[in-house]
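In full-length UniProt numbering, the protein residues as written are 1 to 750.
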């Protein structure tokens with residue numbers, strides 16, 4: 001019988017104190033060629049074979065492990081792993097009888113299983129890129145962590161001193177290697193007869209080796225403003241860096257009996273403001289690390305990376321990414337065992353770029369969640385850059401259009417959006433995020449790009465109440481644009497951030513009608529705004545996907561997805577199921593308004609500054625083979641992650657698979673790079689359709705919890721790197737997968 005199942009591992013199975021039988025679907029030839037493990041991740045132990053027996057399915061792959069007593073709750077997850085024998089047990093004596101291919105079936109099957117098990121284990125190992133020189137592996141003693149020292153991965157003492165010593169050794173080795181290379185070049189020049197030049201090259205090699213060694217052996221390398229006074233902790237005979245008076249160079253200084261002086265080997269490194277800022281952060285990190293007793297693993301700096309090994313400048317060599325749940329580092333590549341990560345596709349140019357003006361306008365439009373309903377109390381109370389709005393705030397309290405004011409959020413009843421309880425909106429976060437990314441991505445000054453943000457959203461508005469000719473469009477939005485133009489002649493509206501859908505979902509509006517209305521709204525906005533500002537560049541729209549009431553009327557959410565797929569003027573920021581909602585189960589809390597605004601800002605920066613189309617997670621295709629259903633996605637920042645910790649867990653991570661129209665039982669959902677693999681309990685016989693974020697709602701979120709209004713959610717996201725700070729906490733601005741139109745899977749043959 002052939003070997004068709006390639007994943008030679010089943011689990012994890014979480015004991016419930018009742019179940020005694022646990023199934024596996026891979027092939028095994030005997031009970032002795034199966035290992036059972038139990039325990040927490042990283043601490044699994046082999047289960048005694050006396051505690052269970054193995055039963056195999058007759059005539060097919062797979063079987064079950066049957067415990068004599070049900071494993072107890074809390075005793076640790078169970079894994080079932082193939083462990084084929086590596087012996088060649090068959091012996092053939094030629095000539096006695098005719099040869100039959102059936103005689104070698106078992107040996108070929110076992111050979112295939114060995115290969116699959118080896119691949120399983122190798123895929124979990126660290127790898128270097130193709131073509132790179134392999135690293136040796138040195139001794140790793142108890143209590144040490146893994147670090148790169150020279151051309152070896154070896155044990156590093158788990159402390160700041162241990163990491164620094166290892167990095168210093170690597171630096172010295174690198175310096176020696178550089179000197180050797182230059183000396184070789186000098187020898188070649190000698191052979192060619194250029195003796196004088198060769199001597200200069202050799203001298204350069206010696207000098208460079210001295211520089212590297214001096215820096216590497218510094219007990220503490222810091223950037224310091226004072227040349228003559230060494231920083232605290234830099235002992236006699238140790239080196240430190242000094243920024244020159246013009247902040248153009250880094251100079252290497254030596255502490256000589258408490259007085260700083262240029263090092264014996266003069267070193268001057270040209271630098272930039274950005275480099276100095278980064279070095280300043282490294283210094284702060286070094287000072288913080290010195291107080292740690294747990295070494296690099298005790299690191300508490302920002303971001304999802306837990307350092308394992310680093311160099312003496314606080315650059316990470318090896319780290320664990322909590323978000324991606326994988327080891328990352330210099331010279332490493334991701335293997336299929338780590339999710340099969342793929343590089344993101346390049347961004348696509350906009351159909352026409354935005355032309356920067358003195359004022360660059362963002363308009364918030366839509367209904368109450370676009371106006372900050374439920375956003376009490378306002379969070380963004382100071383303006384970090386030069387962004388502007390109206391004196392009465394983004395919702396222009398008092399309708400004072402006579403001047404501009406720094407862009408901040410405020411609490412308001414009434415204003416342009418009507419209603420009460422308005423607070424934090426998406427506006428300030430979106431505008432400020434553009435500036436933040438100008439500084440981070442482009443090394444630019446955010447104050448050189450002024451954004452004017454205004455909000456003309458209307459609570460409870462249908463699409464018909466927002467389209468051209470409506471009171472809100474003609475009487476609020478367009479006069480608002482006229483007032484901005486009156487204050488600043490050099491102005492352009494680049495983006496309309498549109499938060500909408502609940503009211504039309506409640507009214508049961510057809511998806512086709514909503515889709516046509518949204519496309520027409522963008523066209524009307526562009527034409528009318530261009531007439532008023534004089535701009536020729538487009539007016540783009542960025543929309544969110546409404547996750548409210550999706551279980552009962554998904555047409556609006558799916559229409560929003562389809563419009564973003566088809567239009568080159570309308571782009572999708574995020575669904576809303578990952579946000580937190582007020583007790584009314586409709587409106588976002590203040591922190592979620594700011595979180596959503598940050599994501600709008602990431603998209604707006606791509607449009608306004610980069611001239612690129614924003615990207616979101618898009619479902620491309622689905623296939624089915626046996627019990628396995630695979631869904632492939634376009635992922636802005638791979639790999640995909642099934643995240644049940646950032647938000648609560650939705651049933652089956654939000655996925656539903658139907659077999660001939662009936663829900664199929666799902667036993668496992670796994671994310672691998674740009675693909676989600678869903679394992680069914682049985683081989684489907686009818687048409688297989690995949691649904692996501694349309695059927696189940698995660699617990700603990702007030703997203704339309706009333707009967708008839710229930711929203712839907714999922715747990716699939718990418719690893720987008722951008723972050724936003726909210727009330728002292730840093731939040732990642734992931735791309736969460738939107739609900740997409742149900743995908744019919746293509747059935748694959750063998």
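Every residue gets a Cβ at the ideal spot worked out from N, C-alpha and C, and that includes glycine.
Leaving aside the five residues that flank residue 687 on each side, the residues in its chain whose CB is nearer than 7 angstroms to its CB run, in chain order, 660 and 744. Distance check between residue 563 and each of 543, 369, 669 and 67 places 543 closest, using alpha-carbon atoms only. Along the length of the segment 19 to 86, whole alpha helix (DSSP H) runs at least 4 residues long do not occur. Within the same chain, and ignoring the five residues on either side of residue 575 in sequence, the residues whose Cβ sits closer than 6 angstroms to its Cβ are 545, 547, 736 and 738. Remark: C-beta atoms of residue 59 and residue 26 do not approach each other more closely than 9 angstroms. By the neighbour-count definition (other C-beta atoms within 10 Å, threshold 16), residue 86 is an exposed residue.
With three or more CB-CB distances shorter than 8 angstroms, the segment 444 to 457 counts as touching the segment 355 to 362. By a beta-carbon distance limit of 8 angstroms, residue 537 contacts residue 354. Their separation comes to about 5 angstroms.
Between residue 429 and residue 593, the CB-CB gap stays under 9 angstroms.
For residue 541, the enclosing beta strand (DSSP E) starts and ends at 540 to 545. Restricting attention to 461, 350 and 549, the CA atom closest to the CA of residue 370 is found in 461. Taking C-beta atoms as the reference points, residue 122 and residue 8 fail to come closer than 9 angstroms. Bounds of any beta strand (DSSP E) do not take in residue 553, whose DSSP letter is neither H nor E.
Here residue 715 is buried, its C-beta having at least 16 other C-beta atoms within 10 Å. Cβ-Cβ distances below 8 angstroms link residue 41 to 77 in the same chain, with the five nearest sequence neighbours on each side left out; the list follows chain order. DSSP, reduced to helix, strand and coil, places residue 240 within a strand of the structure shown. Looking only at 653, 393 and 689, the smallest Cα-Cα distance to residue 698 is reached by 653.
With fewer than 16 neighbouring CB atoms inside 10 Å of its own CB, residue 6 falls in the exposed class. When rounded, the separation of the alpha-carbon atoms in residue 717 and residue 617 is 8 angstroms. At a Cβ-Cβ threshold of 9 angstroms, residue 682 and residue 662 do not count as neighbours.
Considered as a whole, the segment 426 to 475 harbours 451 to 455 as its complete beta strand (DSSP E) runs of no fewer than 3 residues, in chain order. Taking every protein chain shown into account, the CB of residue 38 has 16 or more other CB atoms within 10 angstroms, so this residue is buried.
Residue range 478 to 487 is occupied by the alpha helix (DSSP H) that includes residue 479.
Contact between the segment 521 to 534 and the segment 627 to 638 is absent: fewer than 3 CB-CB pairs across the two stretches fall below 8 angstroms.
Rounded to the nearest whole angstrom, the C-alpha separation of residue 549 and residue 655 is 17 angstroms. Per DSSP, residue 528 lies in no beta strand (DSSP E) segment; the continuous alpha helix (DSSP H) that holds it begins and ends at 511 to 533.
Here DSSP, grouped into helix, strand and coil, assigns residue 574 to strand. In terms of CA proximity to residue 64, 80 leads the group 80, 465 and 70.
For residue 106, the enclosing alpha helix (DSSP H) has its first and last residue at 105 to 122. Nearest C-alpha to residue 387 among 378, 362 and 374: 362. Excluding the 5 residues flanking it on each side, residue 255 has same chain C-beta neighbours closer than 6 angstroms at 230, 234, 236 and 238, in chain order. The secondary-structure analysis by DSSP pairs residue 692 across a beta bridge with 655. Using a 10 angstroms sphere on the CB of residue 424, the tally of other CB atoms reaches 16 or more, which defines it as buried. Residue burial is scored here from C-beta neighbours: residue 534 has fewer than 16 other C-beta atoms within 10 angstroms and is therefore classed as exposed.
Taking each of 413, 641 and 748 in turn and checking the Cα distance to residue 373, the smallest one comes out for 413. DSSP places residue 622 in the strand class (E or B) of the three-state scheme.
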